[in-house]
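In my numbering, the protein residues as written are 78 to 301.
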């Protein structure tokens, strides 16, 4: 049974999420503030986290940072904050998805299923080796010229989608849907920013990419 840590300080919503998650085969563990959320995560090792940003003791972004210090558990933010800057901050901190309140139950369940699929490590997860860098997809480790390279959780999701389809076009829409979710299906500028970051970290000449190729107006391709 998939364990879901639900971090929410609004009692009615917390109760509703507990009931609905149990009904759909999940095992919910709850926390009402950031400190208890971090403690519950270390004790229960959840498979997924549903996290409200407006907590009484700390901002939810701080909770994301605390979790990302030791775990890659998928984190889905549930927040009444609708501003793009709030979404970008949470995603850059390491959140996997962002759902604005109010939300429908079916949408939330679909986001949970998508997060489960993305986090499942397939047998024989490859280590990708090129002349310039090495990527261990299972261990989430990157190395370039003998030195460790730190990739953010968002960068790892983009890299994994591309390198698992070598030589194939991965469309802008597929990347946006898989990495950020349906609410970001038209935010192509996100891709430009993150691909530029990846190239600076991995490409020998970021201005003339050898591995992460742009197919103008369509998407991106990884050439091993």
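From the three backbone atoms N, C-alpha and C, an ideal C-beta is built for every residue, glycine too.
| How about the stretch 228-239 and the stretch 202-220: do they share at least three Cβ pairs that are nearer than 8 Å? | Result yes; three or more Cβ-Cβ pairs closer than 8 Å.
| task | In the DSSP assignment, find the unbroken beta strand (DSSP E) run with residue 175 in it and report its ends. | result | It spans 174-177 - the beta strand (DSSP E) in which residue 175 sits, taken as one unbroken run.
| residue 231 lies in the beta strand (DSSP E); which residues open and close that run? | From DSSP, residue 231 is part of no beta strand (DSSP E) but of the alpha helix (DSSP H) over 230-240.
| said: My assumption, with CB atoms under 8 Å, is that residue 127 sits in contact with residue 90. Please give the rounded CB distance. | reply: That pair is no contact at about 10 Å.
| request: Could you tell me if residue 200 is buried or exposed, where buried requires 16 or more neighbouring beta carbons within 10 angstroms of its beta carbon? | output: In this prediction, residue 200 scores a pLDDT of 46, lower than 50, which makes its location untrustworthy; no coordinate-derived value is stated.
| Does the separation of the CB atoms of residue 142 and residue 171 fall below 8 Å? | Between residue 142 and residue 171, the gap from beta carbon to beta carbon is short of 8 Å.
| Thinking C-alpha only, which one of 240, 101, 119, 136 is nearest residue 211? | Residue 240 is the option with its Cα nearest to residue 211.
| Any 3 or more C-beta pairs closer than 8 Å across the stretch 241-255 and the stretch 174-182 | The stretch 241-255 vs the stretch 174-182: no contact.
| query | Just how far apart, CA to CA, sit residue 105 and residue 92? | reply | In this structure, the CA atom of residue 105 is about 10 Å from the CA atom of residue 92.
| task | Please list, in chain order, all residues of the same chain as residue 124 whose beta carbon is under 6 Å from its beta carbon, the five residues on each side excluded. | result | Taken in chain order, the residues that qualify are 79, 80.
| Whole-angstrom Cβ separation of residue 300 and residue 244, contact assumed at under 8 Å? | Yes, they are in contact, since the Cβ atoms of residue 300 and residue 244 sit about 6 Å apart, within 8 Å.
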